[in-house]
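Enquirer: Structure in structure tokens, see below.
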Amino acid sequence: MKILITGSAGFIGSALSIKLLDRGDEVTGLDNHNDYYDPKLKEARLARHLDHSNYTHIRGDIEDRELMVDLFSKEKFDAVVNLAAQAGVRYSLENPFAYIDTNLVGFGNILEGCRHNEVGHLVYASSSSVYGSNTKIPFSVHDNVDHPVSLYAATKKANELMAHTYSHLYALPTTGLRFFTVYGPWDRPDMALQKFTQAILAGEKIKVFNYGKHRRDFTYIDDIVESVARVIDKPAASNPEWDGDNPDSGSSKAPWRVYNIGNNNPVELMDYIEALEKALGVKAEKELLPIQPGDVPDTYADVDNLVKDFGYKPTACMETGVQRFAQWYKGYYSVR
């Protein structure tokens with residue numbers, strides 16, 4: 027297929043580009059290479075697939091309406107995977123307009139491009155953060171998610187609603203993927219694993235929020251890209267049994283679906299840190315702090331629908347994944 031991946035120099039976008047190129051797809055990547063974190067890391071990720079004969083890279087922004095109109099009209103993509111977004115819960119407290127501009131305005135441009143150019147399937151990144159104040163676990167796509175606790179989460183929920191509208195009005199198949207704490211080699215410097223690693227190796231204290239009582243459904247990058255690749259190949263379908271008197275939050279009469287992509291196995295944050303200490307061979311000094319605004323205590327993905335519809339369940343072992351990350355980190359940053 028001919029596939030557009032936005033955010034293609036990002037953590038997930040780059041890994042997905044490699045996956046799709048390896049299986050024979052033609053990939054166009056779009057990324058704005060902003061400085062939310064060190065652009066050198068984005069360039070290094072991109073270098074892994076930039077010279078592939080079936081890969082084309084565009085440096086641009088999904089907020090640029092003129093660029094998006096031109097790109098969609100010229101290329102006529104079979105499928106689009108929107109991974110471009112302003113990420114991070116805490117940063118959304120400091121710079122809310124970055125989330126509004128990219129996650130809402132930019133996503134609107136994506137939807138319009140798909141609508142007007144007969145794209146066969148739009149797959150887009152949502153987030154486990156949409157579950158917000160929900161306390162019933164595991165989190166299910168059939169649960170109501172109307173109580174986000176950060177602007178980042180609200181924009182991801184808004185993406186799901188915007189996509190549903192286009193699925194309903196224009197029969198555009200859209201699938202939202204609620205990613206649960208993705209980690210692994212090449213991940214973002216603002217994520218816990220890199221921040222912890224940098225501090226531990228520098229002999230500095232690591233900041234452990236909620237006094238270490240967080241539980242997270244850590245999901246290894248390889249499981250994420252395998253799931254996304256399978257979803258791309260099976261456009262969202264309508265649910266003929268959907269009932270407006272008892273609405274299912276995970277499906278619709280329109281060709282619209284959402285899925286959890288998680289390991290279905292929450293891990294205590296202290297166990298995650300212990301695995302990192304073992305992988306690095308260094309003990310961490312910890313500064314225990316209260317829970318941060320916008321954070322939730324636990325995440326836990328119900329992946330029954332993913333298994334039923336795509337025959338896949340993320341299974342990577344957390345300890346093995348952290349070990350692979352540590353090996354990559356030492357190599358990339360030349361740590362002895």
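This note's numbering applies: residue 27 is where the sequence shown begins, and numbers increase by one. By construction, the Cβ of each residue, glycine as well, lies at the ideal position given by its N, Cα and C atoms.
Check for me: the alpha helix (DSSP H) holding Leu227 runs from which residue to which?
Expert: Locating residue 227 in the sequence shown gives position 201, where the first residue counts as 1. Ala218 to Leu227 is the span of the alpha helix (DSSP H), which, as asked, contains Leu227.
Enquirer: By Cβ distance below 7 Å, which residues in the same chain neighbour Ser152 in space, the five residues on each side in sequence not counted?
Expert: Residue 152 sits at position 126 when you count from the first residue of the sequence shown. Closer than 7 Å at Cβ, skipping near neighbours: Lys182, Asn185, Glu186, Gly202, Leu203, Arg204 and Val284.
Enquirer: Short of 6 Å in beta carbon distance, which residues of its chain neighbour Gly39, apart from the five on each side in sequence? Order them along the chain.
Expert: Working through the sequence shown from its first residue, we reach residue 39 at position 13. So the qualifying residues of the chain are Ile31, Gly33 and Leu109.
Enquirer: From Glu69 to Tyr359, what does the alpha carbon distance come to, in whole angstroms?
Expert: Mapped onto the sequence shown, residue 69 falls at position 43. Mapped onto the sequence shown, residue 359 falls at position 333. Near 14 Å, if we compare the C-alpha coordinates of Tyr359 and Glu69.
Enquirer: Excluding five sequence neighbours on each side, which residues of the same chain lie with their C-beta closer than 8 Å to the C-beta of Arg241?
Expert: Against the sequence shown, residue 241 aligns to sequence position 215. Same-chain partners within the cutoff: Pro292, Val293, Glu294, Leu295, Pro323, Asp324, Thr325 and Tyr326.
Enquirer: So, at 8 Å on beta carbons, what are the nonlocal neighbours of Asp104 in its own chain, with the 5 sequence-adjacent residues on each side left out?
Expert: As a first step, residue 104 is located in the sequence shown; it is residue number 78 there, counting from the start. The residues are Met27, Lys28, Ile29, Val145, Gly146 and His147.
Enquirer: Where does Thr128 fall in DSSP's three states?
Expert: Counted from its first residue, the sequence shown places residue 128 at position 102. In the structure shown, Thr128 sits in a helix (DSSP, three-state: H, G or I).
Enquirer: Could you please give the first and the last residue of the uninterrupted beta strand (DSSP E) stretch that includes Leu314?
Expert: Along the sequence shown, one-based indexing puts residue 314 at 288. First-last of the beta strand (DSSP E) with Leu314: Glu311 to Leu314.
Enquirer: Measure the Cβ-Cβ separation of Pro17 and Leu177 and say whether it is below 7 Å.
Expert: Because the chain is modelled from 27 through 362, residue 17 falls outside the range shown and cannot be assessed.
Enquirer: If I follow the unbroken alpha helix (DSSP H) through Arg71, where does it start and stop?
Expert: Along the sequence shown, one-based indexing puts residue 71 at 45. Note, Arg71: alpha helix (DSSP H), Pro65 to Ala73.
Enquirer: Using a 10 Å radius around the Cβ and a threshold of 16 neighbouring Cβ atoms, would you call Thr223 buried or exposed?
Expert: Numbered from 1 along the sequence shown, position 197 holds the residue referred to as residue 223. Buried: at least 16 other Cβ atoms inside 10 Å.
Enquirer: Gly55: which of Leu67, Ala73, Ala35 and Pro65 sits nearest, CA to CA?
Expert: Counting from 1 along the sequence shown, the entry for residue 55 is found at position 29. Ranking Leu67, Ala73, Ala35 and Pro65 by Cα distance to Gly55 puts Ala35 first.
Enquirer: Have a look at Ile258, Tyr62, Thr200 and Gly114 and flag the residue whose alpha-carbon is nearest the alpha-carbon of Val53.
Expert: Numbered from 1 along the sequence shown, position 27 holds the residue referred to as residue 53. Per the Cα distances, Ile258.
Enquirer: According to the neighbour-count rule (16 or more other Cβ atoms, all chains shown, within 10 Å of its Cβ), is Ile247 buried or exposed?
Expert: Counting from 1 along the sequence shown, the entry for residue 247 is found at position 221. With 16 or more Cβ atoms within 10 Å of its Cβ, Ile247 is classed as buried.
Enquirer: Determine the direct distance from the alpha carbon of Asn236 to that of Asn58, and round the result to whole angstroms.
Expert: Within the sequence shown, the letter at position 32 stands for residue 58. Within the sequence shown, the letter at position 210 stands for residue 236. Between Asn58 and Asn236, the C-alpha separation is close to 34 Å.
Enquirer: I'd like to know whether the C-beta atoms of Trp268 and Ser275 end up nearer to each other than 7 Å.
Expert: Taking the first residue of the sequence shown as 1, we reach residue 268 at position 242. Taking the first residue of the sequence shown as 1, we reach residue 275 at position 249. Against a cut-off of 7 Å, the Cβ pair of Ser275 and Trp268 comes out as no contact.
Enquirer: Helix, strand or coil, according to DSSP, for Trp354 in the structure here?
Expert: By 1-based counting over the sequence shown, the position of residue 354 is 328. DSSP places Trp354 in helix when its eight states are reduced to three.
Enquirer: Check whether the stretch 159-170 and the stretch 250-266 are in contact - that is, three or more C-beta pairs closer than 8 Å.
Expert: Judged by Cβ distances under 8 Å, the stretch 159-170 makes no contact with the stretch 250-266, as fewer than three pairs qualify.
Enquirer: Taking 7 Å as the cut-off, decide whether the C-beta atoms of Asn135 and Met188 are in contact.
Expert: Against the sequence shown, residue 135 aligns to sequence position 109. Against the sequence shown, residue 188 aligns to sequence position 162. It is not a contact, given that the beta carbons lie outside the stated cut-off.
Enquirer: With a CB to CB cut of under 7 Å and the five nearest residues on each side skipped, what residues in its chain are close to Tyr338?
Expert: Here residue 338 corresponds to residue number 312 of the sequence shown, with the count starting at 1. Excluding positions up to five away in sequence, the list reads Glu252, Ser253, Arg256 and Leu332.
Enquirer: Can at least three beta-carbon pairs, one atom from the stretch 111-131 and one from the stretch 68-84, be found at a separation below 8 Å?
Expert: Taking 8 Å as the limit for Cβ pairs, the verdict is that the stretch 68-84 does not touch the stretch 111-131.
Enquirer: In whole angstroms, what is the alpha-carbon distance linking Lys100 and Asn265?
Expert: For this step, residue 100 is matched to residue 74 along the sequence shown. For this step, residue 265 is matched to residue 239 along the sequence shown. Each residue's alpha carbon lies about 33 Å from the other.
Enquirer: Leaving out five residues on either side along the sequence, give the residues of the same chain with a beta carbon under 8 Å from the beta carbon of Ala180.
Expert: Taking the sequence shown and counting its residues from 1, the one referred to as residue 180 is at position 154. The answer, listed in chain order, is Pro174.
Enquirer: Name, in chain order, the residues that DSSP records as bridge partners for Thr181.
Expert: Translated into the one-based positions of the sequence shown, residue 181 becomes position 155. None; Thr181 has no bridge partner.
Enquirer: Can you give me the C-alpha to C-alpha distance between Gln220 and Gln349, rounded to a whole angstrom?
Expert: By 1-based counting over the sequence shown, the position of residue 220 is 194. By 1-based counting over the sequence shown, the position of residue 349 is 323. Those two C-alpha atoms are separated by around 13 Å.
Enquirer: Output yes or no for whether 7 Å exceeds the beta carbon distance between Ser154 and Asp328.
Expert: Taking the sequence shown and counting its residues from 1, one reaches residue 154 at position 128. Taking the sequence shown and counting its residues from 1, one reaches residue 328 at position 302. Cβ distance not < 7 Å, so Ser154 and Asp328 don't count as in contact.
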